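Undergrad: Residue numbers for the sequence shown follow the numbering used here, so the first one is 5 and each next one is one higher.
Don't be surprised by glycine CBs; every beta carbon is placed ideally from N, CA and C.
The model shown is predicted, which means the values in this text are computed figures rather than measured ones.
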Amino acid sequence: MKIAFHGAARAVTGSKHLITLSNGTQILLDCGMFQGMGEITDKLNGRFGFHPSSVNYMILSHAHIDHCGLLPRLVAEGFTGTIYSTPATMDLARILLLDSAKIQMQDAEYSNRTLREGEDIEEALYTEDDVIKTLSQFKIIDYNEDYEIDNRITLRFTDAGHVVGSAAVHLTILDEGKETKITFSGDVGRYSDLLLKSPQTFPQADYILLESTYGDSLHKDLEPIQDRLLEIINHTCMVKKGKVIIPAFSVGRTQELLYALNGLELKAKLPDIAFYVDSPLSIQATQVLKNHPEVYNNGVKETLKVDDDIFAFKGLKFIQSIEESKSLNNDTRPCVIISASGMAEGGRIKHHIRNNISNQKNTILMVGYCDPNSLGGRLLAGDRSVQIFKDDYTVVADVESIRSMSAHGDYEDLLHFISCQDPEQVKQVFLVHGEYDVQQKFAQRIIDKGFKHVAIPEYHQEYEL
5 MKIAFHGAAR AVTGSKHLIT LSNGTQILLD CGMFQGMGEI TDKLNGRFGF HPSSVNYMIL
65 SHAHIDHCGL LPRLVAEGFT GTIYSTPATM DLARILLLDS AKIQMQDAEY SNRTLREGED
125 IEEALYTEDD VIKTLSQFKI IDYNEDYEID NRITLRFTDA GHVVGSAAVH LTILDEGKET
185 KITFSGDVGR YSDLLLKSPQ TFPQADYILL ESTYGDSLHK DLEPIQDRLL EIINHTCMVK
245 KGKVIIPAFS VGRTQELLYA LNGLELKAKL PDIAFYVDSP LSIQATQVLK NHPEVYNNGV
305 KETLKVDDDI FAFKGLKFIQ SIEESKSLNN DTRPCVIISA SGMAEGGRIK HHIRNNISNQ
365 KNTILMVGYC DPNSLGGRLL AGDRSVQIFK DDYTVVADVE SIRSMSAHGD YEDLLHFISC
425 QDPEQVKQVF LVHGEYDVQQ KFAQRIIDKG FKHVAIPEYH QEYEL
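This is how it looks when you write it as structure tokens:
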């Protein structure tokens, strides 16, 4: 049996891990899109490194685009097997993938309208029809259910606490008369998440694929989210009379922001200004979360006793149409605009940043991880000039961040996640979903906990299990 790492290898995005049994059966763990990797992003998304038609089963840990975003392309290129996920993950994947197809087509059209001599025509990776076909291949599996995929492969999902529906994947595989247990963490959430339950413990594994996005960071030492959020809003909107522009993923981060702002209103601290969520997808994603209250932690359940809508508050408006979105540019009143994507690489947020980045009254607030090559990453790095839609803009607005607003666990959370394992029985830990320098530091922390073998796979690297 072999495993090959075709994405999120010494990088954070593009999750794809391919298990091949001795009889040729192939199991793909995630099929994510590369995001924010600069000029090589399109090239990375254009080739899988394996033949989609040869994959028998596909298992999806959760619905973030860097984990599910290339599923329609996989299907379009010949994958005809079953896609296994939790119920909420399928609900989210439906809206995210349809939105992804739409955004790709819109961005391609916009770029092609401003095509310069010698530049190639931009094409979308897939269409809405590809998405619809992909959704027909899903099969939902509940948490903590042992599901027999075939007589050699058994699957179990446990709650990873990352976003609604997110799961750690546990496979028991019988190959050449030997039973092997493989765990893929997906993305691991936090044990003090604003909204969700903590990650579950899981059965003993022989091999663990572990995400490592924040493998060298601690979140707990940072100031409380509500306090920092209020400070930035008050300074920008009430003192400078400007706008706060917040790039935020439609799933997870946007709902956390709304919950935090709702909490400020419950404490009578929220300023009397307009708050806009300019992302139709966020409206749908918020409804999915409302439809799955079983994922809420005890703190949220207590809040629900005094507030029956934890994602709504005075002054909040959801923006649907493009016309409404454009009209925000002409409104000079102080406000807060939350829009996707979180790395500021696509969607309406790029337009909002472009229209507000050159005004010193405004603040661009980053609230999560950004790949260093993404627009968000360049802003976080302090670049004074950035390119947006092929034009250069001087960064005059303030750039702030709330690093503790992450759906990813820090290194203590990740170590907690694997603490249910006997290190002596784990043959290998593979670190995925992280930058290489971070992974090297995190590898030593894992070794210090008694795990003897830790590998950091390279892109397309294959290992014998």
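If the criterion is Cβ atoms closer than 8 Å, does the pair Ala80 and Val430 meet it?
TA: no
Undergrad: Taking 8 Å as the cut-off, does the segment 171 to 191 touch the segment 113 to 122 (at least 3 CB pairs, one atom from each stretch)?
TA: Contact fails between the segment 113 to 122 and the segment 171 to 191, because fewer than three Cβ pairs, one in each stretch, are under 8 Å apart.
Undergrad: According to DSSP, simplified to helix, strand and coil, what is Ile63?
TA: strand
Undergrad: Beta strand (DSSP E) containing Val389: first to last residue?
TA: Sequence check: residue 389 is Ser here, not Val. Residues 389 to 392.
Undergrad: Can you tell me whether Ile460 is helix, strand or coil according to DSSP?
TA: coil
Undergrad: In the DSSP output, which residue or residues are listed as bridge partners for Gly11?
TA: Lys20
Undergrad: Below 8 Å, how does it come out for the segment 283 to 296 and the segment 227 to 244: are there three or more Cβ pairs, yes or no?
TA: no
Undergrad: Can His166 and His66 be called in contact, C-beta distance under 8 Å?
TA: Between His166 and His66, the gap from beta carbon to beta carbon is short of 8 Å.
Undergrad: Thinking C-beta only, is Asn363 closer than 8 Å to Phe317?
TA: no
Undergrad: Taking the alpha carbon of Phe315 as the reference point, which residue from Arg337, Asp276, Thr93, Leu261 has its own alpha carbon closest?
TA: Leu261
Undergrad: Which residue's Cα is closest to the Cα of Ile357: Cys374, Gln259, Leu383, Tyr467?
TA: Leu383
Undergrad: Taking the alpha carbon of His10 as the point to measure from, which residue in Leu25, Leu332, Phe38 has its own alpha carbon closest?
TA: Looking at the Cα atoms, Phe38 is the closest of the given residues.
Undergrad: Exposed or buried, which one is Ser196 when buried takes at least 16 other CB atoms within 10 Å?
TA: exposed
Undergrad: Might you give, ordered along the chain, the residues of its own chain that have their beta carbon closer than 6 Å to the beta carbon of Ser404, omitting 5 neighbours on each side?
TA: Correcting the residue type first, residue 404 is Glu in the shown sequence and not Ser. Excluding residues within five positions, the ones whose Cβ falls inside 6 Å are Ile236, Thr367, Leu369.
Undergrad: Taking the CB atoms as reference points, tell me whether Gly346 and Arg257 lie closer together than 8 Å.
TA: yes
Undergrad: How many whole angstroms separate the CB atoms of Thr93 and Gly169, which I take to be in contact at a CB cut-off of 8 Å?
TA: 4 Å
Undergrad: Assuming Ser343 is part of the beta strand (DSSP E), what are its boundary residues?
TA: Looking at the DSSP string, the run of the beta strand (DSSP E) that includes Ser343 is 339 to 343.
Undergrad: Whose C-beta lies closer than 8 Å to the C-beta of Gly381 among residues of the same chain, with five residues either side of it excluded?
TA: Gly40, Met347, Cys374, Asp375
Undergrad: Could you check which residue in Val281, Tyr397, Gln443 has the C-alpha nearest to that of Gly351?
TA: Val281
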